[in-house]
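Step one of this worksheet: look at the structure below.
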Amino acid sequence: MNIISGFNVTLRMWKPEDVAGYMAMAANQEVMKYISNGEARTEDVIEREIERFRASQQMFGFSRWAATNGEEKHFMGFAGFEKKEYGINFGMRYDTQWWGTPFPFISGHLALTHAFDELGLDEVYTLTNVKNAKAINMNMKYLQLKTLKDDVLNTEFGPHQRIIYTKALFESVRESNEAKIEKLLDYKRFAVSSKD
57 MNIISGFNVT
67 LRMWKPEDVA
77 GYMAMAANQE
87 VMKYISNGEA
97 RTEDVIEREI
107 ERFRASQQMF
117 GFSRWAATNG
127 EEKHFMGFAG
137 FEKKEYGINF
147 GMRYDTQWWG
157 TPFPFISGHL
167 ALTHAFDELG
177 LDEVYTLTNV
187 KNAKAINMNM
197 KYLQLKTLKD
207 DVLNTEFGPH
217 QRIIYTKALF
227 ESVRESNEAK
237 IEKLLDYKRF
247 AVSSKD
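Next comes the structure, spelled out in structure tokens:
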């Protein structure tokens with residue numbers, strides 16, 4: 057079941073074949089470096105996580121959704137939401153082959169769009185290991201933040217930066233972010249065609 061599509065990206069519910077893609081991603085030490093204790097996940101842990109994601113969709117209408125790219129629906133990782141200690145958590149994770157492309161940013165943008173447009177949420181938050189500067193920077197870009205509030209929470213896995221996304225703040229920069237996405241995709245298409 058597709059949740060939302062746009063800009064050559066689709067967020068959808070998990071399929072059995074996604075387990076292999078998630079396994080490969082969760083075995084990548086670069087991906088997992090700042091996630092929980094930093095250890096790779098076993099197949100049974102991943103299958104339980106995916107079941108939890110499916111249950112969340114059934115119960116609340118939101119989940120961590122599989123993120124795919126292109127007509128071939130290449131598995132990139134996930135983006136979406138889960139109920140956590142501080143409210144509704146916005147989380148993302150992508151395999152390293154997609155880092156540096158526009159598609160992780162697009163996936164998160166689509167998830168936020170669905171949350172505020174379709175699910176009627178007023179607020180979500182991210183919680184990111186303070187050492188994970190790239191992830192914090194991406195989260196700041198969604199809201200075009202120049203600085204962060206002093207909102208660091210101590211967790212069992214060390215200090216984590218919390219960023220709160222409100223619907224009003226997301227809407228105030230949405231048009232600008234979508235224009236940036238269009239420009240990035242046009243540049244990528246031009247770069248590819250120029251090499252042909």
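Counting the sequence shown from 1 gives a position; my numbering is that position plus 56.
Just so it is clear, CB atoms sit at the ideal spot from N, CA and C, and this is done for glycine as well.
Grab me the residues of residue 182's own chain with a C-beta within less than 6 angstroms of its C-beta, minus the 5 sequence neighbours each way, in chain order.
146, 195, 219
Sort out for me which residues DSSP pairs residue 121 with in a bridge.
135.
Note down, in chain order, each residue of its chain lying with its Cβ closer than 7 angstroms to the Cβ of residue 159, except the 5 sequence neighbours on either side.
65, 125, 132
Cβ-Cβ distance between residue 96 and residue 136 below 8 angstroms:
no
Enumerate, from N- to C-terminal direction, the unbroken alpha helix (DSSP H) stretches of 4 or more residues contained entirely within the region 171-246.
189-199
In chain order, what residues of the same chain have a beta carbon less than 7 angstroms from the beta carbon of residue 184, not counting five sequence neighbours either side?
191, 192, 195, 216, 217
Determine the closest residue to residue 46 out of 116, 134, 62, with distance taken between C-alpha atoms.
Examination of residue 46 is not possible in this model, given that the chain is present from 57 through 252 alone.
Just tell me which of 205, 222, 213, 201 has its CA closest to the CA of residue 178.
222
From the DSSP output, in three-state form, read off residue 61 for me.
strand
Can you tell which of 241, 122, 89 has its C-alpha closest to the C-alpha of residue 74?
Residue 74 has its Cα closest to that of 122, out of 241, 122, 89.
Would you call the region 206-214 in contact with the region 228-241, where contact means no fewer than 3 C-beta pairs closer than 8 angstroms?
no
Residue range of the unbroken beta strand (DSSP E) whose run includes residue 149:
143-150
Out of 108, 128, 127, state which residue places its alpha-carbon closest to the alpha-carbon of residue 119.
108
From this set, 175, 172, 170, 165, which residue's C-alpha is nearest residue 200's C-alpha?
165
Based on the DSSP output, what are the partners of residue 67 in its beta bridges?
60, 123
Residues near residue 63 in its chain [Cβ-Cβ closer than 7 angstroms; skip 5 each side]
Once the five neighbours on either side are set aside, the close Cβ partners of residue 63 are 162, 237, 241.
Cutting at 6 angstroms between CB atoms, please list the residues of its own chain near residue 78, excluding the five before and the five after it.
102
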